[in-house]
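*Asks:* Numbering (the working numbering), first residue to last: 34 to 176. Starting off with a structure, shown below.
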Amino acid sequence: MNRLSIFQVRCQLCTTRFQARRPGNRLTTQAFDRREYRRLPVNFAGTLRLDHTAAGGVVTDISMGGCTLQATTPLPRGTFVTFVLHGPSGQPDIKVEAAMICSIQPQSIGMKFLEFQPEDKQRMGQLVLELLAYQQAPPRISV
């Protein structure tokens, strides 16, 4: 029996919540993703800082709400850090004043962004907008 399920969706750019309908039953055996924003694949350098220690890695996905950093730094869940995203060349770094470690995998760390300076939040929004536009653009065909 197919039903319509209603899902909450949040716009990455304006942060407004919307409801979306999708066919099927919401109660599935798949793990429920609690993220508010869809993660976008990237390949940028990132550095997290805790007190006087810094650890670098590669950011593999990002959204306005968080990112995944490929790194083996042993930090427990719930640790608060400062995070710096070294985005595309020529662009200034984006600093997240407060981020929380939410998940630990053998080779990666999942972070939730909690606090930005206004100019850094604006730059992050611009980066996410560019990533979303790039993903939605039709492929170019060379003749």
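We put the beta carbon where it would ideally sit given N, CA and C, even for glycine.
What does a CB cutoff of less than 8 Å around Q124 pick up in its chain, not counting 5 residues either side in sequence?
*Replies:* Contacts found: R156, L160.
*Asks:* Using a Cβ-Cβ cut-off of 6 Å (strictly less than) and excluding sequence neighbours within five positions of V92, which residues of its own chain qualify?
*Replies:* Here the set comprises V75, F77, G79, C100, L102.
*Asks:* Considering R82, what are the terminal residues of the beta strand (DSSP E) in which it resides?
*Replies:* Residues 73-83.
*Asks:* Can you tell me whether G89 is buried or exposed? The criterion is at least 16 other CB atoms within 10 Å of its CB, across all chains shown.
*Replies:* Burial call: exposed.
*Asks:* To the nearest angstrom, how far is the alpha carbon of G158 from that of A104?
*Replies:* Near 24 Å, if we compare the C-alpha coordinates of A104 and G158.
*Asks:* When the Cα atoms are used, what is the spatial distance from R72 to I95?
*Replies:* So the alpha carbons of these two residues sit roughly 5 Å apart.
*Asks:* Taking L83 as the reference, which of V114, L164, T106 has the closest Cα?
*Replies:* Checked all of V114, L164, T106; the closest Cα to L83 is V114.
*Asks:* For L81 and P121, what's the separation of their Cα atoms in angstroms?
*Replies:* In a straight line, the C-alpha of L81 is about 18 Å away from that of P121.
*Asks:* With a CB to CB cut of under 6 Å and the five nearest residues on each side skipped, what residues in its chain are close to C135?
*Replies:* Once the five neighbours on either side are set aside, the close Cβ partners of C135 are G143, K145.
*Asks:* Considering G123, what are the terminal residues of the beta strand (DSSP E) in which it resides?
*Replies:* Neither: G123 is in no beta strand (DSSP E) and is coded neither H nor E.
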